[in-house]
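Below is one structure; the comments refer to it alone.
Residue numbers (our numbering): 2 to 261.
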C-alpha cells in the first residue's frame with residue numbers, strides 16, 4: 002500500500018502526489034544588471050499586463066558571464082515581483098550562480114533543448130478588461146511578512162559594514178548600529194535600519210514586501226531599493242543627502258522623506 006493511498010479502514014487520503022507537466026515562461030538573461038533590465042521589462046509588461054500578472058517565470062542564466070556573481074539577484078527578483086511576476090526557478094549558469102539562486106529559495110532546473118521564450122505575442126494573450134496601464138502595479142505583500150514576523154527575526158549588526166561585505170536578514174529586519182561603507186550592501190526581507198552613515202547599498206523587502214522601509218541617520222547611498230523599486234545616488238535630491246531619511250513605497254513609487 003502506498004503512503005498516500007486510502008487505508009483499509011476507509012479513511013480518505015490527506016494528499017496525493019502526481020507528476021505534472023507545465024510550460025513556464027523563461028526569461029533569458031543577457032545581463033544581470035537591474036538598471037539595464039528595468040526599462041525593457043516595464044515596456045513589455047505594459048504591452049500585455051494580463052499575460053504577466055501572477056505568472057511564474059524561470060530565469061535562464063546560460064547566457065551570462067560565468068564569473069558574474071549575481072550580486073543584484075535580490076534586486077532583480079524584487080523588480081520582477083513588482084511587475085507582478087513570480088520567479089520560481091533558474092536554469093543554466095555556473096555553480097556559483099546556482100548557489101546564489103538557491104540562497105534566494107529558487108529551484109534549480111536542468112538545461113533543456115527547447116523551452117518557451119519570455120516573449121509576448123504580437124497581440125496580448127488575453128484581451129485586458131481595461132486599457133493597459135503605463136506602469137504595472139506592485140505585487141501585494143505576502144501576509145507572512147508582516148511587521149510581527151519582522152520583529153521576531155531581527156538581525157543586529159554592531160560593527161561597520163565595509164566595502165565588499167554583504168549582510169542579509171532572511172525573513173526579517175536588519176539593524177546596523179554603525180555605518181554602511183561605500184561598496185557594502187545590507188539587505189532584508191523586512192525593514193533596513195542604519196544608525197550610522199549609509200554610503201553603500203540598502204535593499205528592503207527583497208522578496209517583494211511592499212510595506213518594508215529603509216531608515217537611516219545619514220543618507221548618501223550608492224543605491225536604495227524597496228521591493229525592487231530603486232534609485233541611485235545621482236537621482237536623489239541634494240536636499241535629502243547626508244540627512245536622516247526614510248525610504249518607502251507609496252502607490253508603487255519610491256519616496257524619500259525626512260526622518261522625524
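For glycine and all other residues, C-beta sits at the position ideal for the given N, C-alpha and C.
Would you kindly check if the distance between the Cβ of residue j and the Cβ of residue i is under 8 angstroms?
i, j, result
"residue 214", "residue 237", "no"
"residue 222", "residue 245", "no"
"residue 168", "residue 157", "no"
"residue 33", "residue 74", "yes"
"residue 89", "residue 109", "no"
"residue 29", "residue 66", "no"
"residue 54", "residue 85", "yes"
"residue 189", "residue 82", "no"
"residue 191", "residue 170", "yes"
"residue 181", "residue 203", "yes"
"residue 57", "residue 87", "yes"
"residue 231", "residue 76", "yes"
"residue 70", "residue 97", "yes"
Can you say whether residue i is buried or exposed, counting buried as having 16 or more other CB atoms within 10 angstroms of its CB?
i, result
"residue 186", "buried"
"residue 201", "buried"
"residue 257", "buried"
"residue 50", "buried"
"residue 198", "buried"
"residue 225", "buried"
"residue 129", "Its pLDDT being 39, under 50, residue 129 is placed unreliably by the model, and nothing is read from it."
Helix or strand or just coil, what does DSSP make of residue i?
i, result
"residue 79", "helix"
"residue 174", "strand"
"residue 207", "coil"
"residue 53", "helix"
"residue 230", "strand"
"residue 128", "Only weak support exists for where residue 128 lies, its pLDDT of 36 falling under 50; the coordinates are left without a value."
"residue 67", "coil"
"residue 238", "coil"
"residue 45", "helix"
"residue 14", "coil"
"residue 258", "strand"
At what residues does the beta strand (DSSP E) containing residue i begin and finish?
i, result
"residue 249", "246 to 251"
"residue 218", "215 to 220"
"residue 155", "155 to 158"
Counting along the chain, where does the alpha helix (DSSP H) carrying residue i start and finish?
i, result
"residue 90", "Segment 87 to 92 is the beta strand (DSSP E) holding residue 90; no alpha helix (DSSP H) there."
"residue 1", "Since the first residue shown for the chain is 2 and the last is 261, residue 1 is missing from the structure and cannot be characterised."
With hydrogens ignored, establish whether the beta-carbon of residue i is closer than 7 angstroms to any heavy atom of the ligand GDP.
i, result
"residue 106", "No copy of the ligand GDP appears in this structure; indeed no ligand is present at all."
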